[in-house]
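Start counting the sequence shown at 1; every next residue gets the next number (UniProt numbering).
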Amino acid sequence: MTRSAADGAPQRPYAHLAEHLAELRRAARLPQRTLAEAANISRGAVQRAESGTAAPTEAVLDAYLHACRAGEADRARARLLRTRGRTAQRDKLHELKAPAPEFITTKRDLALALAELYERAGAPSLNDARVRKLLPRTTAWRIVNRKGLPASAEQLITFLSACGISRPAAQRPYIDAYHHVITQRGTRPAPPRTQRIDGRIYRTPLAYSGGIYTEMSSELAATTADLARLFPARVLEEAFTTTLQHHAGRDAHRNGATPPRWITTSHNLDRLTARAPDHADDLVVRSSDGSTARYQVKLHLRRLGPPPALSGVRAPTPPPRPAPASRAS
């Protein structure tokens with residue numbers, strides 16, 4: 001098999017396939033014209049298949065083998081030689097030095113391994129309707145050209161099957177490598193945070209603050225007062241704490257970190273704290289059972305210690321509620 005001086009690719013990449021087909025035709029004692037009529041293909045297609053310079057299509061190859069009454073072993077060999085010829089014609093394997101699937105540790109390793117599988121399989125067509133249903137054409141192109149990875153394990157299995165890796169035992173090492181790489185890609189350090197805003201809840205009745213928080217706090221107080229008529233302060237305190245804990249835990253999980261030791265929220269009040277200094281209490285709620293819940297918002301810069309200390313000013317006692325007017329009988 002000679003190679004062209006221009007690109008190093010063989011001039012007759014399908015020479016072994018051509019010899020195999022010619023032997024099958026001679027064994028069947030069929031001239032090229034007779035075989036073409038029996039296979040319902042053109043004589044030119046028969047001649048090109050036996051030239052060794054171009055690959056017959058899968059349909060032409062199947063028709064040729066059927067006309068020659070080839071057995072299963074001869075059919076399997078013909079398909080193998082066609083795959084090897086296409087691999088030699090594309091001449092890309094020397095660029096792909098992929099590790100074995102058991103040693104794949106990075107995205108680059110997996111991309112190389114999948115591209116190598118595709119080339120060794122003779123660059124099979126991925127335009128089949130069943131393949132396109134699970135593996136979009138753009139995704140297939142990115143995998144073949146090492147621009148991306150399958151979006152799911154199902155797409156990986158579809159790609160492996162199209163490349164001739166159809167047995168589950170043979171697919172398992174690649175699936176394990178895929179999950180390993182995806183897990184690594186999904187793990188990233190938590191982004192740096194220069195400041196956090198911490199909300200704490202205390203049941204001690206202390207002072208109510210003014211400043212820029214007044215408008216916001218009055219709205220919160222009105223809403224909370226309505227809830228306080230329906231629920232005791234203990235229930236409201238627990239609900240507020242649980243909500244902050246859920247928010248902090250979800251935020252930490254999304255960024256690959258662990259939840260903080262005490263409740264934090266992320267930049268919810270940066271807009272306010274940037275315009276005004278921190279005051280004492282931001283909300284004081286008097287419940288129907290006579291207890292008082294105090295809410296404070298504190299700003300701190302990457303503080304690792306305990307939460308900020310509270311001021312000692314006591315909240316004024318709320319005025320008593322007026323007695324409801326008696327109805328006239």
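No residue lacks a Cβ here, since even glycine has one placed at the ideal position from N, Cα and C.
In the DSSP assignment, the alpha helix (DSSP H) including residue i goes from what residue to what residue?
i	result
residue 16	15-27
residue 36	32-39
residue 43	43-49
residue 162	153-162
residue 67	58-67
residue 54	Unbroken run through residue 54: none, as it is neither H nor E.
residue 108	107-120
Please classify residue i: does DSSP put it in a helix, a strand, or coil?
i	result
residue 92	coil
residue 128	coil
residue 147	coil
residue 11	coil
residue 99	coil
residue 135	coil
residue 167	coil
residue 182	helix
residue 85	helix
residue 78	helix
residue 104	coil
residue 123	coil
residue 140	helix
residue 73	helix
Within 10 Å of its beta-carbon, does residue i have 16 or more other beta-carbons around it, so buried, or fewer, so exposed?
i	result
residue 129	exposed
residue 25	buried
residue 11	exposed
residue 111	buried
residue 16	buried
residue 82	buried
residue 44	exposed
residue 239	exposed
residue 154	exposed
residue 108	exposed
residue 71	exposed
residue 209	In this prediction, residue 209 scores a pLDDT of 42, lower than 50, which makes its location untrustworthy; no coordinate-derived value is stated.
residue 89	buried
residue 168	exposed
Please name the residue, chosen from the options, that lies closest to residue i on a Cα-to-Cα basis.
i	options	result
residue 52	87, 18, 137, 98	18
residue 405	16, 131, 60, 90	The displayed coordinates of the chain run from 1 to 329. Any statement about residue 405 would go beyond what the structure contains.
residue 152	175, 71, 82, 16	175
residue 99	246, 177, 14	177
residue 104	243, 20, 182	182
residue 126	162, 101, 110, 147	162
residue 65	43, 39, 180, 84	39
residue 160	138, 123, 76	123
residue 22	72, 243, 68, 157	68
residue 145	114, 50, 73, 78	114
residue 54	84, 102, 106	84
residue 134	170, 119, 158	158
residue 76	136, 164, 94, 117	164
residue 117	106, 79, 29, 96	96
residue 119	143, 136, 137, 102	143
residue 48	78, 79, 27, 14	14
Under 7 Å from any heavy atom of the ligand SAM, does the C-beta of residue i make it?
i	result
residue 66	For the ligand SAM, the structure offers nothing, since it holds no ligand at all.
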